[in-house]
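In this text, residue positions in the sequence shown follow the working numbering: the first is 345, and each later residue adds one.
Every residue, glycine too, gets a C-beta built ideally from N, C-alpha and C.
Here the structure is laid out as structure tokens; the discussion comes afterwards.
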Amino acid sequence: MAAARLLAATIDAGTPLDGLTDHEHGHPQFRALDMRDRGLVRAILATALRHRVTIAKLLARRLEKPLPANATVLTHILHVAAAQILFLDIPDSAAVDLAVTHAKADPRTVRFSGLVNGVLRTLARAKDAELPEMLATTSDAPDWFVERLTAAYGLEQAKLILAAHRIEAPVDFTAKADPAKWAEQLGGTVLPTGTIRIERLSGPVAELPGFAEGAWWVQDAAAALPAKLFGDVTGQRVADLCAAPGGKTAQLVLTGAKVTAVEASKNRLARLAGNLERLGLDADKVNADILTYEPAELFDAVLLDAPCSSTGTVRRHPDVLWTKSPADITKLAGVQRALLDRAVKLVRPGGRIVFSNCSLDPEEGEALVAGFLADHKAKVELDPIRTGEVAGIDDFVTATGFLRTTPAGLDIGNAAISGLDGFFAARFRRIA
345 MAAARLLAAT IDAGTPLDGL TDHEHGHPQF RALDMRDRGL VRAILATALR
395 HRVTIAKLLA RRLEKPLPAN ATVLTHILHV AAAQILFLDI PDSAAVDLAV
445 THAKADPRTV RFSGLVNGVL RTLARAKDAE LPEMLATTSD APDWFVERLT
495 AAYGLEQAKL ILAAHRIEAP VDFTAKADPA KWAEQLGGTV LPTGTIRIER
545 LSGPVAELPG FAEGAWWVQD AAAALPAKLF GDVTGQRVAD LCAAPGGKTA
595 QLVLTGAKVT AVEASKNRLA RLAGNLERLG LDADKVNADI LTYEPAELFD
645 AVLLDAPCSS TGTVRRHPDV LWTKSPADIT KLAGVQRALL DRAVKLVRPG
695 GRIVFSNCSL DPEEGEALVA GFLADHKAKV ELDPIRTGEV AGIDDFVTAT
745 GFLRTTPAGL DIGNAAISGL DGFFAARFRR IA
């Protein structure tokens with residue numbers, strides 16, 4: 345029952361899945377579960393979101409007429425059960441029985457309990473015949489996203505990205521030192537970029553080798569790239585803006601920079617401080633709104649990993665496509681532009697700015713940068729990213745000198761450990 349209620353909170357209220365399933369601050373019904381059941385509920389929710397369109401279409405085939413628009417509770421019950429029947433290793437009968445029990449227990453759905461039973465039992469009988477064809481012809485993404493993705497990347501690349509979204513992302517780590525050693529300890533492999541990758545976690549992150557010693561931190565391979573675009577910053581004063589949870593701050597500290605981590609949220613800054621403490625690293629930490637932050641001295645370099653639509657992280661966060669809209673992308677692009685305009689004022693003439701985000705949408709990337717450069721011709725120039733300057737990035741450097749990764753990139757022969765988050769990065773130099 346918890347899974348259907350949490351799905352409602354995501355779809356109907358737009359609450360991020362990570363927040364609902366946080367072990368300390370998540371939804372009360374989630375926190376009331378034991379750890380084993382929490383893992384199962386999280387898997388059911390992620391599956392229901394990752395295959396939302398496929399599930400909806402297969403359920404629709406079993407209905408004589410569409411469900412009423414206000415029958416959202418019933419829809420969520422059916423989706424949660426269908427996710428188990430179609431994609432998870434859970435007995436069909438158990439999924440059906442639990443859904444019927446849930447329908448009977450809720451006054452809004454009690455009269456539909458017979459429909460729930462009939463629809464799900466016929467779905468279970470038909471899944472082997474119908475599921476492969478549906479997966480082959482369905483994108484499992486909202487139409488607006490498919491249209492924008494196709495316009496930006498072309499039909500074939502868009503199909504590859506959408507296919508990658510159906511596969512749960514592997515787990516990546518950045519090691520403080522000796523990635524080969526820690527890859528062996530963790531049972532993973534070292535990617536061309538230096539990131540350590542394992543297919544799945546076998547238990548809590550805190551119980552993995554090296555966690556207590558602060559030998560590594562969890563960080564997607566793509567998220568680890570922007571901080572590397574500064575090259576040698578030994579002894580330089582570098583600001584990491586929007587710094588939490590601190591992975592990029594840690595990278596910059598390890599390069600020998602004098603780092604100031606700026607974060608507007610007190611809670612997120614506290615999390616960053618805790619992460620740095622575990623790693624045995626230190627940086628100046630500032631709780632401030634970047635738009636009003638006034639450092640005592642301008643920085644040699646500024647990293648702005650800006651808040652965005654997060655459409656590049658769908659493999660990890662399948663709720664993103666169902667809690668965001670084109671209007672959100674436009675709004676967030678405006679926020680990013682304001683932050684980037686401010687970042688320029690925080691770096692000295694001759695200093696560099698790296699702007700990045702985890703969006704696949706050009707409105708938050710290439711188009712935003714084009715407008716930024718046009719408005720700052722006298723102050724800023726593009727410092728093109730070049731192949732060969734950072735290990736493993738050559739396939740991600742665009743003709744215009746941007747960095748653009750997608751979930752369909754980094755094909756290493758096994759879909760379960762291929763791909764990386766969708767990221768965009770551009771580098772600038774302040775000239776006046």
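- Residue environment analysis places ALA605 among the buried positions, since at least 16 neighbouring C-beta atoms fall within 10 angstroms of its C-beta.
- Note on geometry: alpha-carbon atoms of MET478 and THR731 lie some 40 Å from one another.
- When beta bridges are read from the DSSP output, ASN631 appears opposite GLU607.
- Ranking ILE737, GLN595, ARG349, VAL577 by CA distance to the CA of HIS446 puts ARG349 first.
- Residue environment analysis places ALA682 among the exposed positions, since fewer than 16 neighbouring C-beta atoms fall within 10 angstroms of its C-beta.
- Counting other Cβ atoms within 10 Å of its Cβ, GLU641 stays below 16 and is therefore classed as exposed.
- Under DSSP, SER700 takes part in a beta bridge, and its partners are ASP649, ALA769.
- For ARG659, the three-state secondary structure derived from DSSP is coil.
- Along the length of the segment 497-573, whole beta strand (DSSP E) runs at least 3 residues long occupy 515-519, 540-542, 560-562, reported in chain order.
- For THR749, no alpha helix (DSSP H) run applies; the uninterrupted beta strand (DSSP E) run containing it begins and ends at 747-749, by DSSP.
- Bridge partners of ASP378 according to DSSP: none are assigned.
- Take the alpha-carbon of PHE574 and the one of GLY591: they are about 15 Å apart.
- Under the 8 Å Cβ criterion, the segment 546-560 counts as touching the segment 524-537, having at least three qualifying pairs.
- Residue pairing by DSSP places ARG581 opposite LYS602 in a beta bridge.
- The Cβ atoms of ARG380 and HIS367 lie no closer than 9 Å to each other.
- Cα atoms of LYS610 and VAL734: separation of roughly 33 Å, rounded to the nearest angstrom.
- When DSSP states are grouped into helix, strand and coil, PRO693 belongs to the strand group.
- Around the C-beta of VAL582, 16 or more other C-beta atoms lie within 10 Å, and the residue is accordingly described as buried.
- The Cβ neighbour count for HIS369, taken over all protein chains shown within 10 Å, is under 16; the residue is labelled exposed.
- Under a 10 Å Cβ-count criterion, ILE756 is classified as exposed, with fewer than 16 other Cβ atoms of the shown protein chains found around its own Cβ.
- Only residues of its own chain outside the window of five on either side were considered, and among them ALA752 have a CB closer than 7 Å to the CB of LEU504, listed in chain order.
- Residue PHE772 holds the alpha-carbon nearest to the alpha-carbon of LEU648 among THR533, ARG492, PHE772, ALA565.
- Contact annotation: ASP685 and PHE716 have beta-carbon atoms nearer than 9 Å.
- The C-beta separation of ALA760 from PRO514 comes to about 7 Å, placing the pair in contact by the 8 Å criterion.
- The bridge partners DSSP lists for PHE643 are VAL691.
- Between the beta-carbon of LEU535 and that of GLY736 there is about 7 Å, and that keeps the pair under the 8 Å contact cut.
- The straight-line gap separating the alpha-carbon atoms of ARG386 and ALA376 is approximately 14 Å.
- By the CB criterion at 9 Å, ARG696 and GLU512 fall outside the cutoff.
- Proximity to VAL664 across LEU389, HIS371, LEU384, ASP378 peaks at LEU389, based on C-alpha coordinates.
- Taking the C-beta atoms as reference points, GLY624 is found no nearer than 9 Å to ALA601.
- The C-beta of THR419 has 16 or more other C-beta atoms within 10 Å across all chains shown, which makes the residue buried.
- Of ASP564, ALA566, VAL549, the smallest CA-CA separation from GLY558 is found for VAL549.
- When C-alpha distances from HIS509 are compared across ILE775, CYS586, ASP765, ALA776, the shortest belongs to ASP765.
- For GLU477, there is no enclosing beta strand (DSSP E); the enclosing alpha helix (DSSP H) covers residues 457-481.
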